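Student: Take this structure, written in structure tokens, and hold onto it; I'll ask about it next.
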Amino acid sequence: MRTVAAGEMASCRVLRQVWCGCRRGPGVRPGSQASSFGTEAGHQLRRGGSSKRSGPLGDQPFAGVLQLENLTREGLVDVLRAAVVDQRGPLVTLNKPPGLPVTGKPGELTLFSVLPELSQSLGLKDRELQVVQASGKDTSGLVLLSSCPQTASRLQKFFIHSRRAQRPTATYCAVTDGIPATSEGDIQATLKLEHIDGVDLVIPVKSPSRKDFQEGVKRTFSHFHVVAMGSGCALVQLQPLTVFPSQLQVHMVLQLCPVLGDHTYSARVGTVLGQRFLLPAESTKPQRQVLDEALLRRLCLTPAQAAQLPLHLHLRCLHLPGMRPREAPMKLLAPLPPYFSRTLQCLGLCQQ
Numbered sequence: 030m031r032t033v034a035a036g037e038m039a040s041c042r043v044l045r046q047v048w049c050g051c052r053r054g055p056g057v058r059p060g061s062q063a064s065s066f067g068t069e070a071g072h073q074l075r076r077g078g079s080s081k082r083s084g085p086l087g088d089q090p091f092a093g094v095l096q097l098e099n100l101t102r103e104g105l106v107d108v109l110r111a112a113v114v115d116q117r118g119p120l121v122t123l124n125k126p127p128g129l130p131v132t133g134k135p136g137e138l139t140l141f142s143v144l145p146e147l148s149q150s151l152g153l154k155d156r157e158l159q160v161v162q163a164s165g166k167d168t169s170g171l172v173l174l175s176s177c178p179q180t181a182s183r184l185q186k187f188f189i190h191s192r193r194a195q196r197p198t199a200t201y202c203a204v205t206d207g208i209p210a211t212s213e214g215d216i217q218a219t220l221k222l223e224h225i226d227g228v229d230l231v232i233p234v235k236s237p238s239r240k241d242f243q244e245g246v247k248r249t250f251s252h253f254h255v256v257a258m259g260s261g262c263a264l265v266q267l268q269p270l271t272v273f274p275s276q277l278q279v280h281m282v283l284q285l286c287p288v289l290g291d292h293t294y295s296a297r298v299g300t301v302l303g304q305r306f307l308l309p310a311e312s313t314k315p316q317r318q319v320l321d322e323a324l325l326r327r328l329c330l331t332p333a334q335a336a337q338l339p340l341h342l343h344l345r346c347l348h349l350p351g352m353r354p355r356e357a358p359m360k361l362l363a364p365l366p367p368y369f370s371r372t373l374q375c376l377g378l379c380q381q
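When you line the sequence shown up against the working numbering, it's residues 30 to 381, in that order.
Rendered as structure tokens:
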């Protein structure tokens with residue numbers, strides 16, 4: 030049985046509320062290696078973060094963030110193998126640490142680049158894994174892999190059908206800087222991807238034309254539910270009903286509540302005399318998230334440490350069909366990263 034740290038036990042009390050709305054039934058629970066990350070591989074993750082002391086967080090306020098510059102290909106394979114939360118048949122599910130890109134340029138260390146070695150390490154021999162479901166580099170949580178092309182294709186069709194039926198299959202949890210005006214609701218926004226000053230950024234489109242939709246503009250939808258509030262922040266459950274880059278981050282910015290650790294889009298939220306408002310997305314450049322002094326004290330961080338704060342967006346739960354026609358649906362779960370659990374403790378979100 031996995032030993033659970035006190036911080037994780039506290040955060041789980043909150044998460045019982047977060048996931049109470051998820052569909053119940055026989056599910057897949059994290060395996061014994063779900064959050065321990067193994068031996069040497071675990072040390073690579075736990076060394077992430079600042080070396081300066083930060084009160085009750087000790088000298089590792091961001092434990093669990095992957096430091097790719099400190100890893101070899103073999104080291105990354107060890108990390109990923111230790112991060113496996115479930116393996117049944119051709120399906121392999123990982124709890125991805127933040128900081129790992131799924132794809133990248135030739136020669137870069139990414140999840141995709143080490144799939145052949147990971148397949149061998151997991152005993153799949155000549156059945157190479159392929160990515161079925163994964164979030165972006167800075168998002169932590171579930172990654173779904175398959176060693177069977179037919180299974181991967183069937184799951185992709187399942188995800189497409191679920192989106193068309195407006196039925197969520199993925200549930201994220203996020204900590205936001207700010208509290209949404211309502212405890213629950215739907216977010217709708219028309220978004221486009223633009224290359225601005227060498228960076229790909231997601232921009233809301235207010236009055237899209239038919240030509241805009243032909244050129245990649247997309248209507249996006251998400252559902253949110255506030256689970257807990259404290260210290261001017263919120264623990265929020267997010268269920269995207271569409272797929273678009275950085276959709277959840279941009280949606281929370283439109284609610285004037287950027288995700289904690291969002292160093293790309295949070296600058297679009299301005300404040301005057303305590304009132305928040307949206308700045309023009311096209312002319313607001315990405316910058317490190319700025320947190321007020323009271324929040325920094327609650328998080329036990331210096332401004333320099335806050336500039337390295339990881340994104341608090343975690344793919345916690347996936348609902349999948351059974352492996353065979355008459356099998357019960359599966360529910361895959363991924364434990365929170367250590368830094369996420371500690372943030373919940375610092376903000377007093379664990380006691381609500």
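For glycine and all other residues, C-beta sits at the position ideal for the given N, C-alpha and C.
Note that the structure is a prediction, hence the values are computed from the model and not measured.
(1) Any idea which residues DSSP pairs residue 346 with across the strands?
(2) Measuring CA to CA, which of 156, 263 and 293 is closest to residue 210?
(3) Roughly how many angstroms separate the alpha carbons of residue 124 and residue 288, rounded to a whole number?
(4) Do the stretch 362-373 and the stretch 316-326 make contact, defined as three or more Cβ pairs closer than 8 Å?
(5) What are the start and end residues of each continuous alpha helix (DSSP H) run of 4 or more residues lying completely inside the stretch 135-174, in chain order?
(6) Tell me which residue opens and which closes the beta strand (DSSP E) that residue 126 is part of.
(7) Around the C-beta of residue 236, are 16 or more other C-beta atoms found within 10 angstroms, so that it is buried, or is it exposed?
(8) In this structure, how does DSSP classify residue 281 when only helix, strand and coil are distinguished?
(9) By the three-class DSSP mapping on this structure, what secondary structure does residue 276 have?
(10) Are the CB atoms of residue 255 and residue 218 within a distance shorter than 8 Å?
(11) Do residue 270 and residue 250 have their C-beta atoms closer together than 8 Å?
(12) Please report how far the alpha carbon of residue 322 lies from the alpha carbon of residue 375, in whole angstroms.
(13) Assuming contact is defined by CB atoms lying nearer than 8 Å, are residue 144 and residue 153 in contact in what I supplied?
(14) What's the call for residue 216, buried or exposed, on a 16-neighbour Cβ count within 10 Å?
(15) Let me know if residue 343 comes out buried or exposed under the rule of 16 or more other beta-carbons within 10 Å of its beta-carbon.
(16) Is residue 205 closer than 8 Å to residue 347 when the C-beta atoms are compared?
(17) From the DSSP output, which residues share a beta bridge with residue 233?
(18) For residue 116 and residue 275, I'd like the C-alpha separation in whole angstroms.
(19) Is residue 155 buried or exposed, if buried means 16 or more other CB atoms sit within 10 Å of its CB?
(20) Around the C-beta of residue 226, are 16 or more other C-beta atoms found within 10 angstroms, so that it is buried, or is it exposed?
(21) Cβ of residue 160 within 8 Å of Cβ of residue 140?
(22) What separation, rounded to the nearest whole angstrom, lies between the Cα atoms of residue 132 and residue 97?
(23) Check the DSSP bridge columns for residue 251 and list the partner residues they point to.
(24) Please state whether the Cβ-Cβ distance between residue 307 and residue 298 is less than 8 Å.
(25) In terms of residue numbering, what span does the alpha helix (DSSP H) encompassing residue 114 cover?
(26) Per the DSSP calculation, residue 225 is bridged to which residue(s)?
(27) Per DSSP, what are the beta-bridge partners of residue 205 in this structure?
(28) Residues in the same chain with beta-carbon distance under 6 Å from residue 191, minus the five sequence neighbours each way, listed in chain order, please.
(29) Leaving aside the five residues before and after residue 184 along the sequence, list all residues of the same chain whose C-beta is less than 6 Å from its C-beta, in chain order.
(30) Using a threshold of 8 Å, state whether the C-beta atoms of residue 339 and residue 91 are closer than that.
(31) Just to confirm the assignment, what range does the beta strand (DSSP E) spanning residue 305 have?
(32) Using the rule of at least 16 other Cβ atoms within 10 Å of the residue's Cβ for burial, across every protein chain shown, is residue 361 buried or exposed?
(33) Excluding the five sequence neighbours on either side, which residues of its own chain have a C-beta within less than 7 Å of the C-beta of residue 444, listed in chain order?
Tutor: Looking at the coordinates:
(1) Along the sequence shown, one-based indexing puts residue 346 at 317. DSSP lists 200 and 362 as partners of residue 346.
(2) As a position in the sequence shown, residue 210 is number 181, starting the count at 1. With distances taken between Cα atoms, residue 210 lies closest to 263.
(3) Along the sequence shown, read from residue 1 onward, the residue named residue 124 stands at position 95. Along the sequence shown, read from residue 1 onward, the residue named residue 288 stands at position 259. In a straight line, the C-alpha of residue 124 is about 20 Å away from that of residue 288.
(4) no
(5) 144-150
(6) Working through the sequence shown from its first residue, we reach residue 126 at position 97. Segment: none, residue 126 is in no beta strand (DSSP E) and carries neither H nor E.
(7) Residue numbering aside, residue 236 sits at position 207 when the sequence shown is read from its first letter. Around the Cβ of residue 236, a 10 Å sphere holds fewer than 16 other Cβ atoms; the residue is exposed.
(8) In the sequence shown, the residue the question calls residue 281 occupies position 252. Of the three classes helix, strand and coil, the one that applies to residue 281 here is helix, per DSSP.
(9) As a first step, residue 276 is located in the sequence shown; it is residue number 247 there, counting from the start. DSSP places residue 276 in helix when its eight states are reduced to three.
(10) Numbered from its first residue, the sequence shown carries residue 218 at position 189. Numbered from its first residue, the sequence shown carries residue 255 at position 226. No, the pair does not count as a contact, with Cβ atoms beyond the cut-off.
(11) By one-based count along the sequence shown, residue 270 stands at place 241. By one-based count along the sequence shown, residue 250 stands at place 221. Contact flag set, yes.
(12) Along the sequence shown, read from residue 1 onward, the residue named residue 322 stands at position 293. Along the sequence shown, read from residue 1 onward, the residue named residue 375 stands at position 346. The straight-line gap from Cα to Cα measures roughly 14 Å.
(13) Taking the sequence shown and counting its residues from 1, the one referred to as residue 144 is at position 115. Taking the sequence shown and counting its residues from 1, the one referred to as residue 153 is at position 124. Contact flag unset, no.
(14) Reading the sequence shown from its first residue, position 187 is the one you call residue 216. Residue 216 comes out buried.
(15) Start at 1 with the first residue of the sequence shown, and residue 343 comes out as number 314. So residue 343 ends up on the buried side.
(16) On the sequence shown, position 318 is the one that residue 347 refers to. On the sequence shown, position 176 is the one that residue 205 refers to. Against a cut-off of 8 Å, the Cβ pair of residue 205 and residue 347 comes out as no contact.
(17) Start at 1 with the first residue of the sequence shown, and residue 233 comes out as number 204. DSSP lists 220 as partners of residue 233.
(18) Position 87 of the sequence shown, counted from the start, is the residue given in the question as residue 116. Position 246 of the sequence shown, counted from the start, is the residue given in the question as residue 275. Residue 116 and residue 275: Cα-Cα distance of roughly 28 Å.
(19) Your numbering for residue 155 matches position 126 in the sequence shown. Exposed.
(20) Along the sequence shown, one-based indexing puts residue 226 at 197. With fewer than 16 other Cβ atoms within 10 Å, it is exposed.
(21) Here residue 160 refers to the residue found at position 131 of the sequence shown. Here residue 140 refers to the residue found at position 111 of the sequence shown. Yes; because the gap between Cβ atoms is below 8 Å, this pair is in contact.
(22) Numbered from 1 along the sequence shown, position 103 holds the residue referred to as residue 132. Numbered from 1 along the sequence shown, position 68 holds the residue referred to as residue 97. Whole-angstrom Cα-Cα distance: 14 Å.
(23) Here the question's residue 251 lines up with position 222 in the sequence shown. Bridge partners of residue 251: 216 and 269.
(24) Looking up residue 307 in the sequence shown gives position 278. Looking up residue 298 in the sequence shown gives position 269. Yes, the pair counts as a contact, with Cβ atoms nearer than the cut-off.
(25) Residue 114 sits at position 85 when you count from the first residue of the sequence shown. No alpha helix (DSSP H) holds residue 114; the beta strand (DSSP E) holding it covers 113-117.
(26) Residue mapping note: residue 225 aligns to position 196 of the sequence shown, counting from 1. Looking at the DSSP assignment, residue 225 forms a beta bridge with 228.
(27) As a working mapping, residue 205 is identified with position 176 in the sequence shown. Beta-bridge pairing links residue 205 to 263 and 288.
(28) Numbered from 1 along the sequence shown, position 162 holds the residue referred to as residue 191. These residues qualify, in order along the chain: 198.
(29) By one-based count along the sequence shown, residue 184 stands at place 155. Counting only residues of its own chain and dropping the five nearest sequence neighbours on each side, residue 184 has a CB closer than 6 Å to the CB of 161.
(30) Here the question's residue 339 lines up with position 310 in the sequence shown. Here the question's residue 91 lines up with position 62 in the sequence shown. Yes, the pair counts as a contact, with Cβ atoms nearer than the cut-off.
(31) For this step, residue 305 is matched to residue 276 along the sequence shown. First-last of the beta strand (DSSP E) with residue 305: 304-307.
(32) The count along the sequence shown starts at 1 and reaches residue 361 at position 332. With 16 or more other Cβ atoms within 10 Å, it is buried.
(33) Absent from the structure is residue 444, since the part of the chain shown begins at 30 and ends at 381.
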